Amino acid sequence: MAAKRRPRSALNDGELRLWRVGWALGLSFAAAVLVAGGIFYWLVVLLDFKEIDTNAKLDATTLFDLVKLSFGVVAGAGALVALVVAYRRQRVDEAGAYREATRLHTERFSQAVDKLGSDSPAVRLGGVHALAGLADDAPTHDLRQTCIDVLCAYLRLPFPPDPGDLPDPLPDGTSPTKEQRDAHQDKKDRHRALREVRRTILSLTGDHYRILEGAHRSWQGCNLDLTGVDIDGAMDFTGAVFSGGFVNFADATFSGGFVKFDSAVFSGGRVDFRRAVFSGSSVSFNHAVFSGGFVDFDSAVFSDGTVYFGHTVFSGGTVSFDCAVFSGSSVTYDYAVFSGGTVYFSGGLTFSGGCVSFCATFSGSCVFFGPLTFSGGTLVFHNSTGPAPIGLLAAVGTPVPATVFLPPAWCPFP
């Protein structure tokens with residue numbers, strides 16, 4: 004689903020499209036004559052004039068009134084010309100202001116990108132904050148999106164892994180020299196510094212998605228392309244609102260730290276976690292609200308970590324876990340409420356380890372379970388309330404496996 008871009012006006016394109024003065028004045032005068040004629044005709048009809056007496060003499064009063072009318076017409080025409088000229092001047096001034104704002108934005112953008120490419124991590128941090136501030140001050144949505152795209156592209160760049168501790172002794176049996184220790188320490192320091200730059204980008208992004216849509220610094224409705232990003236530390240999107248645009252975590256790896264989407268609101272647009280790997284980290288969607296849009300966890304892998312959907316509300320939109328793999332992790336939907344929208348757990352869902360708990364309330368949404376593969380782990384529904392999800396009993400099979408726990412009311416046999 005491609006995210007729709009906002010239409011750009013001619014002024015936003017930096018183009019000034021004005022009619023020629025002659026055409027503008029001619030059309031304006033013609034419009035004025037037509038309006039005046041219409042008013043005259045309306046007055047004639049209103050006053051119920053039957054005919055005009057052509058034998059009447061032109062007295063001085065009438066002649067004076069005609070002279071005043073002539074001057075009034077000339078004055079009106081002059082005012083019309085002044086109005087057209089003033090309008091054109093305003094348009095020219097607006098276009099000039101836009102070009103100046105764009106020029107300043109371009110200069111600041113170039114400086115910020117240069118900082119982001121510096122060898123010094125401290126200068127890179129300055130570049131990150133400069134780009135974020137530049138996105139806030141961008142004169143158009145497209146220029147703001149460009150700044151965000153650069154920050155996302157930085158996160159997608161190859162990131163060297165943590166070198167860890169220097170072994171002692173070395174594989175060849177010797178002890179590391181001072182030069183080797185210093186070189187290794189430099190690698191570790193550089194890794195930590197670059198990691199801090201990446202964390203700062205994620206932190207600033209979360210901050211901007213918490214700001215109300217329409218506010219000066221809000222990034223809601225913008226696109227985030229974090230495809231394939233390796234998130235090996237904390238990321239806090241608590242209270243973020245995804246109301247439009249395309250937020251893409253496809254093929255991302257969450258491999259460490261605590262990733263929070265607590266109390267986040269998914270009310271529009273698309274958020275994509277397809278083929279994302281949640282391994283060795285804690286990811287929390289506690290108290291999140293899925294009320295619109297499309298959130299896609301298709302083929303995501305949940306392994307060796309913990310994922311929380313506690314007290315989450317599914318009240319609208321579509322959430323899909325088709326072909327997801329739950330292996331060795333703990334995933335909990337305890338106290339979640341499925342009251343609207345559509346949620347899919349189908350397409351060859353695999354449970355090969357760990358525990359997935361659905362102590363939830365099913366009261367009105369369409370929750371679909373398709374073919375499931377059980378090769379280990381535990382699937383728990385025993386404290387769930389409401390009707391059984393569509394297709395669940397057929398998916399788990401009969402008899403119900405010993406590692407699947409259902410409420411008594413859902414069991415096919417007493």
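For what it's worth, the numbering used here labels the leading residue of the sequence shown as 4, then goes sequentially. From the three backbone atoms N, C-alpha and C, an ideal C-beta is built for every residue, glycine too. Note that the structure is predicted; figures quoted are calculated from it, not measured.
Residue closest to Gly319, alpha-carbon to alpha-carbon, out of Gly367, Arg278, Cys362: Gly367
For Asp301, three-class secondary structure by DSSP: coil
Beta-carbon contacts of Pro402 that lie in its chain and below 7 angstroms, excluding the five residues immediately before and after: none
Within 7 angstroms, strictly: CB atoms of Val232 and Leu158: yes
Three-state secondary structure (DSSP) of Ile393: strand
C-alpha gap between Arg220 and Asp139, whole angstroms: 5 angstroms
Extent of the continuous alpha helix (DSSP H) run through Gly247: Premise fails: Gly247 lies in the beta strand (DSSP E), 244-251, not in any alpha helix (DSSP H).
Leu395 burial status per 10 Å Cβ neighbour count (16 or more: buried): buried
Where Ala267 sits in the DSSP three-state scheme: coil
Tyr90 in three-state terms, based on DSSP: helix
Residue closest to Val280, alpha-carbon to alpha-carbon, out of Ala255, Asp265, Val274: Ala255
Cβ neighbour criterion (16 or more within 10 Å) applied to Cys414: exposed
Residues that Leu382 bridges to, as DSSP identifies them: Val359, Val407
Contact between the stretch 183-201 and the stretch 209-223 (3+ Cβ pairs under 8 angstroms): no
Candidates Val310, Ser113, Arg278, Phe305, of which the one nearest Ala291 by Cα: Val310
Beta-carbon proximity list for Phe264, same chain, < 8 angstroms, skipping 5 on both sides: Phe240, Thr241, Ala243, Val286, Ser287, Phe288, Ala291
Identified DSSP bridge partners for Ile234: Phe257
Local Cβ density within 10 Å of Ser121, reported as buried at 16 or more and exposed below that: exposed
Residue burial classification, Pro161 (beta-carbon count within 10 angstroms, cutoff 16): exposed
Distance, Val340 Cα to His108 Cα: 46 angstroms
Buried or exposed by the 16-neighbour rule on C-beta atoms within 10 Å, applied to Arg102: exposed
Gly331 - partner residues in DSSP beta bridges: Ser306
Spatial distance of Ile476 from Val346 (CA atoms): Since the displayed the chain opens at 4 and closes at 417, residue 476 lies outside it and no answer follows.
Local conformation of Thr315 per DSSP, three classes: coil
Rounded separation between Arg195 and Gly343 - CA only: 44 angstroms
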